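Keeping their order, the protein sequence lines are chains A and B.
If you read the first sequence in this note's numbering, its first letter stands for residue 3, the second for the next number, and so on.
If you read the second sequence in this note's numbering, its first letter stands for residue 3, the second for the next number, and so on.
Here's the structure, in C-alpha cells; my notes come after.
There are 2 protein chains.
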Amino acid sequence: MNARMSRAIAIIGGTGPAGTGLALRWARAGETIIIGSRDAARAQKTAETIRSRIGADAQVSGMENPAACAASDLLVLTVPFEGQAALLKQLKPAIRPGSVVIDATVPLAASVGGRASRTLGVWQGSAAQQTAELVPKGISVAAAFQNVSADVLSGDEDLDCDVIVCSDDPNATQVAMELAAKIAGVRAIDGGKLENARIVEQIAALLIGLNMRHKGHGGIRITGLPDNAFMR
Amino acid sequence: MNARMSRAIAIIGGTGPAGTGLALRWARAGETIIIGSRDAARAQKTAETIRSRIGADAQVSGMENPAACAASDLLVLTVPFEGQAALLKQLKPAIRPGSVVIDATVPLAASVGGRASRTLGVWQGSAAQQTAELVPKGISVAAAFQNVSADVLSGDEDLDCDVIVCSDDPNATQVAMELAAKIAGVRAIDGGKLENARIVEQIAALLIGLNMRHKGHGGIRITGLPDNAFMR
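Okay, here's the thing in C-alpha cells:
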C-alpha cells in the first residue's frame, strides 16, 4: 500500500447517483476511489463502469461499506437520509481513528414518503449534525456536496456551481474544500461551523423544487465575495 | 392622481438600508415610490436624499407607514423581524383590498439578541408565512428580496444576484418578479409556493455569515436552469 492508497477516498453509498458521480469526477482527477455499498458485487460493478469510462489508469475498486470504511480514513457519505443513522451505527466499529467524514446527506421529506422539495426537521439541526453525533469521538465531520447535481456530475461537462463546506474542524474543512476543488468548474468556500449545514442542506430541497418547476439541474453560485474566499 | 400613481410602490420601513436601497433602484427605473416610516419626517428626509441622488424627475415621497399603506396597493415590507407582527396589526385597517404585499423580512436571531448568521424558528414556517397570516383575507403575499445586499443596492453598480420569489398567488409572483427584474443585474425566478420562503429566508443568514467570514456582500445565483426560467 503506497502513500496514495493510504489516502483513498471511500464513498459510502457510492453506487447511488451522487456517489457514483463524485467517484467519477475524483477518479478522473487521479484520486484513488473505493466504492462502498451494502452489496459488494454492486460496488464492484459501479467501480468497473467508472473504470471503463475513464480508462485503465483509473484507481477505482468496490467493496461492502464496512470494508470500504476500514480501508480509508477519508469517508464521503452519500446515502439516503432514511438509511444514514442505521448505517453509521453499523460502520462505527470500522471507522479508523483520525478519519474525516464528509457528509453530503440531505434530510429530504421524501425519506418518509413526502416531497423531495421539502426537508424534515432533524433533532440535531441537520443531517450532518446527526452524523457528528453518531460517529466515534474524535472523528471530524464536514458537510459538503449537498447541492451538486448528481446528473451533471455523471456527465462530461464541467460543473457550474459552488460547494459550501461546513465543519467545526478546520482540518476537515480543508480536506473537503480540496476535494471539491478537484471537480472541474466547482469553487469551494468555507461556510463556517457544522451547524450551518442546516441551511446548506435545505438549499438542496429548494434546488430540487426549482428543477421540477423549471426543468434543469440547478446549482448555486455565491456572488459578491472576494476571489480569495474560494478554492478552485 | 394618474395611472402611474395608482401603482406606486409603498416601501414600508423604507428608511432602513434595504428599503432605501430598493427605493433608490426602483426610482432610478422610473417607478413612483412612497417611503413609509414610523416617523413622517424621516420618511421625507429619505425621499429627499433619493431625489437628490437621482435627479428632479424622481417620483419619491415620504409619509408615515399607515398613510403609505393606504396610498398604494403594492406594498414592500422591509422591516426588522421583531417589528413585523406589531406593524402588520397596526397597518391592517389601512391595507387596500386587492393589495399585493411583498415581504423581504428575514427572521434573524439578531431580532432577539442572537446572531445575524442564525435564524429563529417561526411558528408559521417563515416570516413571510407569518405575514400572510396577519394581513387581511384576500391580500396576496409574495416573499422576495431577502438575499439582495442592502450595501450593494445603495451603490451605483449593477447587482450580481438572483431574486427567488415565493408565493401562493401567481399574480403576486408576477408582480414581485417584475419588480426584481427592474433592478439592473438581477434575474427573478419563480421559487414556487410561499412555504418555500422558509428556505430563501435562511439563505440570507448564511450569506450574512459568509459576509462576516470572507468580507464581502454575498448574493446567490442559480445555475443549471434554462434561460427562460428567469425574468430580467
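Beta carbons are placed, not taken as given, at the ideal position from N, Cα and C, and that holds for glycine.
Computed from a predicted structure; not experimentally measured.
The Cβ-Cβ distance between Gln132 (chain A) and Val202 (chain A) does not fall below 7 Å. Annotation: Ala231 (chain B) to Gln204 (chain B) spans about 22 Å, alpha carbon to alpha carbon. Burial of Arg27 (chain B) is indicated by the presence of at least 16 other C-beta atoms within 10 angstroms of its C-beta.
Assigned with DSSP and collapsed to three states, Phe232 (chain B) falls in strand. The alpha-carbon of Ser169 (chain A) is positioned some 10 Å away from that of Val103 (chain A). Annotation: Ile141 (chain B) is outside any alpha helix (DSSP H) and is labelled neither H nor E by DSSP. Taking a C-beta cut-off of 8 Å against chain B, the contacting residues of the segment 160-172 of chain A are Asp162, Cys163 and Ile166, listed in chain order.
Identification of chain A residues near Gly116 (chain B) by a Cβ-Cβ cut-off of 7 Å yields none; the smallest Cβ-Cβ distance measures about 12 Å. Rounded to the nearest angstrom, the Cβ distance from Ile166 (chain A) to Val78 (chain A) is 16 Å, too far for a contact under 8 Å. The criterion of a C-beta distance shorter than 7 Å is not satisfied by Ala186 (chain B) and Pro19 (chain B). Using a CB distance cut-off of 7 Å, Ile185 (chain A) does not count as an interface residue toward chain B. Between Thr34 (chain A) and Ala10 (chain A), the C-beta spacing is below 7 Å. Annotation: the continuous beta strand (DSSP E) that includes Ser39 (chain B) extends over Thr34 to Ser39.
Counting the other CB atoms within 10 Å of its CB gives Gly38 (chain A) a total of 16 or more, which places it among the buried residues. Counting of Cβ neighbours within 10 angstroms places Arg117 (chain A) among the exposed residues, the total staying below 16. Along the length of the segment 75-135 of chain B, whole alpha helix (DSSP H) runs at least 4 residues long occupy 83-93, reported in chain order. Among the CB atoms of chain B, one or more fall inside 7 Å of the CB of Gln204 (chain A). Residues of the segment 29-47 of chain A with a C-beta less than 8 Å from any C-beta of chain B: none at all. About 19 Å separates the beta carbons of Thr121 (chain B) and Leu136 (chain B), which is beyond the 8 Å limit, so they are not a contact pair.
Below the 7 Å Cβ cutoff, chain A contributes Ile201 as neighbours of Ala207 (chain B), in chain order.
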